[in-house]
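I have placed the structure first, in the form of structure tokens, so that the comments after it can refer back to it.
Residue numbers (my numbering): -4 to 60.
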């Protein structure tokens, strides 16, 4: 059986990142609640933090503008 790669839009990634950074649940809990892999969420958070600091993240931007 073949696994299909799930794709998430920028709004969903932004929602997850802001949830963790602003509301404070653990990454583990957010991953469990949303059926996400921890490595995926860590990548999103690294990109989110870089974009907030004005640096170019890897891939498509998460934050608007």
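Heads up, the beta-carbon is just placed ideally off N, CA and C, and yes, glycines get one too.
Review point. Is DSSP giving residue 48 helix, strand or coil here?
Key: Note: residue 48 maps to coil in three-state DSSP.
Review point. Going along the chain, which residues of its own chain have a beta-carbon closer than 6 Å to the beta-carbon of residue 58, five neighbours each way excluded?
Key: Within its own chain, the residues whose Cβ lies closer than 6 Å to the Cβ of residue 58, once the five positions on either side in sequence are excluded, are 46, listed in chain order.
Review point. If you drop the 5 nearest sequence neighbours on each side, which residues of the same chain put their C-beta closer than 8 Å to that of residue 37?
Key: The beta carbon of residue 37 sits closer than 8 Å to those of 22, all from its chain and outside the five residues before and after it, given in chain order.
Check your understanding: Hey, how far is the Cα of residue 15 from the Cα of residue 42?
Key -> Approximately 14 Å, taken between the alpha carbons.
Check your understanding: When you compare only the Cα positions, how much space is there between residue 28 and residue -1?
Key -> Going by the C-alpha atoms only, they are around 20 Å apart.
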